[in-house]
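In this note's numbering, the protein residues as written are 20 to 200. We put the CB at the ideal spot given by N, CA and C, even for glycine. Keep in mind the model is a prediction, meaning the values are calculated, not measured.
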């Protein structure tokens with residue numbers, strides 16, 4: 020079954036690589052640590068019951084999408100961009116959560132050697148298991164669409180800005196910065 024899941028991840032991502040392997044093993048480890056119910060092939064989250072906050076936007080995120088069903092559009096794949104190979108997983112049904120942080124790999128490995136190294140590691144060897152640091156986000160909200168006073172394009176109300184008497188999208192809004200030269 021794991022080979023079939025891996026192939027789905029590769030197909031979705033477009034190629035096999037060390038980065039995809041990181042996300043693949045993180046997702047499988049999250050399934051184990053959070054006692055998630057697994058189907059025949061993947062553990063696809065219904066709605067927002069399972070949430071992933073990724074600290075990077077690298078290849079591994081694609082495997083998390085395939086295996087766990089987390090997606091930006093569904094509102095259960097969020098980003099805390101700090102460039103770390105770390106993923107926080109939350110199970111809303113049970114209240115359990117876990118943060119997986121990639122351990123350093125041996126130095127001096129080529130791209131191919133790095134791929135083979137990650138493929139050979141078990142998730143327990145690859146990740147430090149830590150408590151989550153970011154509180155579980157609220158469920159996604161649906162916001163009203165509002166037209167920008169300048170460009171006329173619509174955006175969700177939570178992204179609009181008030182400048183003088185105008186309601187502006189972020190593209191038309193001009194930040195105040197006294198120190199800008």
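From the DSSP output, in three-state form, read off residue i for me.
i           : result
residue 185 : strand
residue 24  : helix
residue 147 : strand
residue 73  : strand
residue 120 : strand
residue 165 : strand
residue 113 : coil
residue 55  : coil
residue 180 : strand
residue 133 : helix
residue 192 : coil
residue 201 : Coverage of the chain is limited to positions 20 through 200, which leaves residue 201 absent and any answer about it impossible.
Do you know whose CA, among the options, lies nearest residue i's CA?
i           : options               : result
residue 120 : 89, 150 and 160       : 150
residue 52  : 113, 79 and 163       : 113
residue 207 : 103, 172 and 55       : Outside the displayed range of the chain (20 to 200) lies residue 207, so it cannot be described from this structure.
residue 108 : 144, 78, 154 and 127  : 154
residue 97  : 115, 72 and 26        : 72
residue 37  : 131, 80, 115 and 106  : 131
residue 170 : 126, 152, 190 and 177 : 190
residue 175 : 54, 105, 184 and 164  : 164
residue 143 : 89, 31, 26 and 50     : 50
residue 70  : 117, 134 and 141      : 117
residue 105 : 126, 115, 95 and 77   : 77
residue 182 : 168, 172 and 173      : 168
residue 88  : 115, 157 and 31       : 31
residue 111 : 134, 54 and 141       : 54
residue 1   : 95, 195 and 173       : Only positions 20 to 200 of the chain appear in this structure, which leaves residue 1 out of reach.
Within its chain, find whatever has a CB closer than 8 Å to the CB of residue i; leave out the 5 residues flanking it on each side and keep chain order.
i           : result
residue 93  : 64, 66, 67 and 159
residue 152 : 107 and 118
Considering only residues of the same chain and omitting the five flanking positions on each side of residue i, which have a CB-CB separation below 6 Å?
i           : result
residue 82  : 28, 39, 42, 43 and 46
residue 193 : none
Please classify residue i as buried or exposed, where buried requires at least 16 neighbouring CB atoms within 10 angstroms.
i           : result
residue 34  : exposed
residue 48  : buried
residue 137 : buried
residue 179 : buried
Please return the same chain residues whose Cβ sits closer than 7 Å to the Cβ of residue i, not counting the five positions on each side in sequence.
i           : result
residue 80  : 42 and 73
residue 122 : 145, 146 and 147
residue 101 : 74
Answer yes or no: the CB of residue i versus the heavy atoms of the ligand NAD, is any distance below 6 Å?
i          : result
residue 90 : Here there are no bound small molecules, and the ligand NAD is not part of this structure.
Could you name each continuous beta strand (DSSP E) segment of 3 residues or more that falls completely within the region 74-98, going from the start of the chain to the end?
96-98
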